[in-house]
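Numbering (full-length UniProt numbering), first residue to last: 1 to 160.
We treat Cβ as the ideally placed atom computed from N, Cα and C, and that holds for glycine.
Nothing here was measured: the structure is a model prediction, and the numbers come from that model.
Have a look at the structure below, then the notes.
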């Protein structure tokens, strides 16, 4: 019922040309790819090659529409992961560095400079390297289902 309520807000917007693959089908394809651990669009489009889906959407169009539908996809993912929440009492919290650019270019780089959360210099103890960027913090259960994630500046210690 919850998913039906979320999906009822997904409507294909008015376009000059009606897309062959509806927004709801695109969301379903994206969630199915995530479930099957298909992590790249290239692999996804190689997987659907020769199927009925192959002729329904192009890779560049898929990416643009997927970004536009991100809030709906995220809400569905949160709802589904909440359903699995009842089955586990063990969670794993971890962080990983997200390097924006090499340290030598950090002061000249304009990447993410307009964001509220600006990239900073950080240290990764596991790799024994310094980097410029962010930290990705993720919470998943023992089955590997992600329940939440967040970004922080690279200079924030994991304990905090």
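Between the C-alpha atoms of residue i and residue j, what's the straight-line distance to the nearest angstrom?
| i | j | result |
| --- | --- | --- |
| residue 137 | residue 120 | 16 Å |
| residue 139 | residue 90 | 10 Å |
| residue 153 | residue 128 | 18 Å |
| residue 17 | residue 50 | 24 Å |
| residue 141 | residue 147 | 7 Å |
| residue 71 | residue 82 | 16 Å |
| residue 105 | residue 155 | 17 Å |
| residue 29 | residue 145 | 18 Å |
| residue 52 | residue 143 | 32 Å |
| residue 111 | residue 61 | 25 Å |
| residue 69 | residue 36 | 20 Å |
Closer than 6 Å by C-beta to residue i: which residues in its own chain qualify, once you throw out the five before and the five after it? Chain order, please.
| i | result |
| --- | --- |
| residue 48 | 54 |
| residue 44 | 33 and 38 |
| residue 107 | none |
For residue i, which residues in the same chain have their Cβ closer than 8 Å to its Cβ, ignoring the five residues on either side in sequence?
| i | result |
| --- | --- |
| residue 93 | 137, 138 and 139 |
| residue 151 | 98, 117, 134, 135, 136 and 137 |
| residue 183 | The structure shown does not extend to residue 183, since the chain spans only 1 to 160, so no value can be given for it. |
| residue 63 | 41 |
Nearest CA to the CA of residue i: which residue from the options?
| i | options | result |
| --- | --- | --- |
| residue 165 | 67, 76 and 58 | The requested residue 165 does not occur in the structure, where the chain is confined to residues 1 to 160. |
| residue 124 | 107, 143, 106 and 95 | 95 |
| residue 158 | 35, 126, 145 and 36 | 126 |
| residue 5 | 52, 79, 145 and 69 | 79 |
| residue 149 | 74, 111 and 61 | 74 |
Between residue i and residue j, is the Cβ-Cβ spacing less than 8 Å?
| i | j | result |
| --- | --- | --- |
| residue 56 | residue 24 | no |
| residue 113 | residue 101 | no |
| residue 26 | residue 65 | yes |
Suppose the cutoff is 7 Å on Cβ atoms and the five residues either side in sequence are ignored; what does the same chain contact list for residue i look like?
| i | result |
| --- | --- |
| residue 59 | 41 and 45 |
### Secondary structure, beta strand (DSSP E): runs of 3+ residues fully inside the UniProt domain "Transposase IS4-like" (88-159)
91-101, 120-124, 129-141 and 146-153
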